[in-house]
Amino acid sequence: MSQPPLLLTVGEIARRLDTKVHRIEYIIRSRNIEATGWAGHARVFSEANFDHIACELSRMDADRQPSTRSNG
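Every letter in the sequence shown is one number past the one before it in full-length UniProt numbering, and letter 69, counting from 1, is 69.
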């Protein structure tokens with residue numbers, strides 16, 4: 001018998017990516033990432049969603065790094 005797909009809450013995604021929940025919420029909202037479903041009142045996301053969120057978080061963090069280019 002196969003295992004059901006692993007579904008992750010926003011809190012679990014934040015824990016796995018070692019970041020704050022509000023950053024995950026921002027990525028989900030601003031990138032229009034749709035939840036795979038609901039578990040009670042909590043949205044749940046697939047592993048593919050997790051990978052997408054992780055990629056966007058990395059991109060956001062890279063954009064926040066100060067430029068190493070010199071002005072002279």
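Every residue, glycine too, gets a C-beta built ideally from N, C-alpha and C. Just so you know, these numbers come straight off a predicted model, no measurement behind them.
Classification of residue 6 by the beta-carbon crowding that lies within 10 angstroms, buried from 16 upward:
Here residue 6 refers to the residue found at position 6 of the sequence shown. With fewer than 16 other Cβ atoms within 10 Å, it is exposed.
Comparing C-alpha positions only, which one of 57, 17, 64 sits nearest to residue 29?
For the purposes of this step, residue 29 is taken as the residue at position 29 of the sequence shown. The shortest C-alpha separation from residue 29 is found at 57.
What's the call for residue 32, buried or exposed, on a 16-neighbour Cβ count within 10 Å?
Residue mapping note: residue 32 aligns to position 32 of the sequence shown, counting from 1. By the 16-neighbour rule on beta-carbons within 10 angstroms, residue 32 is exposed.
Measure the alpha-carbon distance for residue 19 versus residue 52 and round it to whole angstroms.
What you label residue 19 is simply residue 19 of the sequence shown in a count that begins at 1. What you label residue 52 is simply residue 52 of the sequence shown in a count that begins at 1. For residue 19 and residue 52, the distance between alpha carbons rounds to 15 Å.
Going by CA-CA distance only, name the one from 38, 2, 23 that's closest to residue 59.
Position 59 of the sequence shown, counting from 1, holds the residue named residue 59. Comparing Cα-Cα distances from residue 59 to each of 38, 2, 23, the minimum goes to 23.
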